[in-house]
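Note sheet for the following structure.
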Amino acid sequence: MFQTEITRRGALQTLAAGAATFAISARADHHQARMTINLMCGMIGVQANQREAVELAARHGFDSVEAMSGDLARMSKEELNDLLASMKEKKVVFGAAGLPVDFRGASAKFDSDLAGLPRLADGLERAGVKRVGTWLMPGHNTLTYRQNFSQHAERLRRVAEVLRDRGLRLGLEFVGTKTLRDRFRYQFVYTMAETKELIQEIGTGNVGLVMDSWHWWNAGDSVEDILALKGSEVVAVDLNDAPAGIPKEQQQDGRRELPLATGIIPVKEFLNALHKIGCDAPVRAEPFNKALNDLDNDAACAKTAEALKRAFALIEA
Numbered sequence: 226m227f228q229t230e231i232t233r234r235g236a237l238q239t240l241a242a243g244a245a246t247f248a249i250s251a252r253a254d255h256h257q258a259r260m261t262i263n264l265m266c267g268m269i270g271v272q273a274n275q276r277e278a279v280e281l282a283a284r285h286g287f288d289s290v291e292a293m294s295g296d297l298a299r300m301s302k303e304e305l306n307d308l309l310a311s312m313k314e315k316k317v318v319f320g321a322a323g324l325p326v327d328f329r330g331a332s333a334k335f336d337s338d339l340a341g342l343p344r345l346a347d348g349l350e351r352a353g354v355k356r357v358g359t360w361l362m363p364g365h366n367t368l369t370y371r372q373n374f375s376q377h378a379e380r381l382r383r384v385a386e387v388l389r390d391r392g393l394r395l396g397l398e399f400v401g402t403k404t405l406r407d408r409f410r411y412q413f414v415y416t417m418a419e420t421k422e423l424i425q426e427i428g429t430g431n432v433g434l435v436m437d438s439w440h441w442w443n444a445g446d447s448v449e450d451i452l453a454l455k456g457s458e459v460v461a462v463d464l465n466d467a468p469a470g471i472p473k474e475q476q477q478d479g480r481r482e483l484p485l486a487t488g489i490i491p492v493k494e495f496l497n498a499l500h501k502i503g504c505d506a507p508v509r510a511e512p513f514n515k516a517l518n519d520l521d522n523d524a525a526c527a528k529t530a531e532a533l534k535r536a537f538a539l540i541e542a
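Here my numbering is used: the first residue of the sequence shown is 226, the next is one more, and so on.
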């Protein structure tokens, strides 16, 4: 959800090397799924620029890598062509980019960010990126649900129009964590059904969902809710597990686990439902996990790749 970048420095080179070997050998095993195993560095605390992220993704057996709009917009035609050639050689494609627009707060900041969006979106289009994702804060202290809904629809419509003109889809992630919702005077969209209502109100035709197993589980949504979707409605996927021994209503948004770490969230059912509807989205881990954050870049990528590949191995043909 949050685009945090956490510095990690440790060693664990043995873990990195071992998991990298596993990643390469496991590549063929998960290709019955159209979804891609995706590296999004900030979600696991790895600090890397676009080129470094591509190298990490290739080294640890990820199929796709996050698109960094700022880096791509700054690249010359020659630099971009060189990057794309390198990605083709390494068999790594772009997943999704984060939305570089703050639409949740002050109007002046939104207007400023929106004015800069065309340049960044142009960079994504040049690189062949097709997906952008963002998250919805599940409450507000001054805007009622209806007021907040109207503001989100109006602002995100303007964002989506810029992206649509460049062949980009926008994914919205609902945030279901109860302890986070309870911080606000007025709660806001936090379920799949409410997010679909917001998407309908935006009405640009290029807006879909970011499906996060953590928020799907916390919101009380079901496998049947996923099966009612079309694969094309899912722009990106986040895959996480929950800490054991904590009731759902007491779970903290910033303390999660890598997929299958505890078995609290039914990752197998979640992934298989997405597979059944023909989802072809990039799948990222977003655990906000201190133990993972304390690893160096290679070790963190290796451990994340291993967890994601174990999850993909549960997808039924």
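C-beta: ideal position from N, C-alpha, C; glycine also. For clarity, every value in this text was computed on a predicted model and none was experimentally measured.
7 Å Cβ shell around K501 - same chain, five flanking residues per side excluded: Within the sequence shown, the letter at position 276 stands for residue 501. Hits under 7 Å: L452.
Validate contact between the stretch 437–447 and the stretch 371–386 using beta carbons, cut 8 Å, 3 pairs: no
Between the CA atoms of Q412 and T369 - distance to the nearest angstrom: By one-based count along the sequence shown, residue 369 stands at place 144. By one-based count along the sequence shown, residue 412 stands at place 187. When only Cα atoms are considered, T369 and Q412 end up about 8 Å apart.
Where the alpha helix (DSSP H) through G341 begins and ends: On the sequence shown, residue 341 is found 116 positions in, with the first residue counted as 1. Taken as a continuous stretch (DSSP letters only), the alpha helix (DSSP H) holding G341 covers S332 to R351.
Pair within 9 Å by beta-carbon distance, V187 and E398: Nothing in the structure corresponds to residue 187, since the chain is present only between 226 and 542.
C-alpha distance - H365 paired with E494, whole-angstrom precision: Indexing the sequence shown from 1 puts residue 365 at position 140. Indexing the sequence shown from 1 puts residue 494 at position 269. In a straight line, the C-alpha of H365 is about 32 Å away from that of E494.
Own chain, CB closer than 6 Å to C526, minus 5 neighbours either side, in chain order: The sequence position of residue 526 within the sequence shown is 301, counting from 1. The residues are L281 and H285.
Inter-residue spacing [alpha-carbon to alpha-carbon] between D544 and K316: Outside the shown range of the chain, which is 226 to 542, sits residue 544, and nothing can be said about it.
Beta-bridge pairing of N263 - partner residues as DSSP gives them: The residue labelled residue 263 in the question sits at position 38 within the sequence shown. DSSP lists S289 as partners of N263.
Backbone CA spacing between F537 and N263 [nearest angstrom]: For the purposes of this step, residue 537 is taken as the residue at position 312 of the sequence shown. For the purposes of this step, residue 263 is taken as the residue at position 38 of the sequence shown. One alpha carbon belongs to F537, the other to N263, and they sit about 12 Å apart.
Beta-carbon proximity check, M260 vs L454, cutoff 9 Å: Locating residue 260 in the sequence shown gives position 35, where the first residue counts as 1. Locating residue 454 in the sequence shown gives position 229, where the first residue counts as 1. Not in contact: M260 and L454 (Cβ atoms no closer than 9 Å).
Option nearest G295 by Cα separation, candidates L324, A333 and L423: Here residue 295 corresponds to residue number 70 of the sequence shown, with the count starting at 1. That would be L324, whose Cα lies nearest to the Cα of G295.
Touching by the beta-carbon criterion (3+ pairs, under 8 Å), the stretch 402–410 and the stretch 466–482: Yes: at least three Cβ pairs fall under 8 Å.
Buried versus exposed call for Q275 [16 or more other C-beta atoms within 10 Å across all chains shown]: Walking along the sequence shown from the start, residue 275 turns up at place 50. Buried, because 16 or more other Cβ atoms sit within 10 Å of the Cβ of Q275.
Outcome for P343 when other beta-carbon atoms lying within 10 angstroms are tallied against a minimum of 16: Here residue 343 refers to the residue found at position 118 when the sequence shown is read from its first residue. Answer is exposed; the Cβ neighbour count stays below 16.
CB contact flag (G358, A461, <9 Å): Your numbering for residue 358 matches position 133 in the sequence shown. Your numbering for residue 461 matches position 236 in the sequence shown. Going by C-beta atoms, G358 is nearer than 9 Å to A461.
Contacting residues, own chain, Cβ-Cβ under 7 Å from Q372 (five flanking each side not counted): If you number the sequence shown from 1, residue 372 lands on position 147. Here the set comprises nothing.
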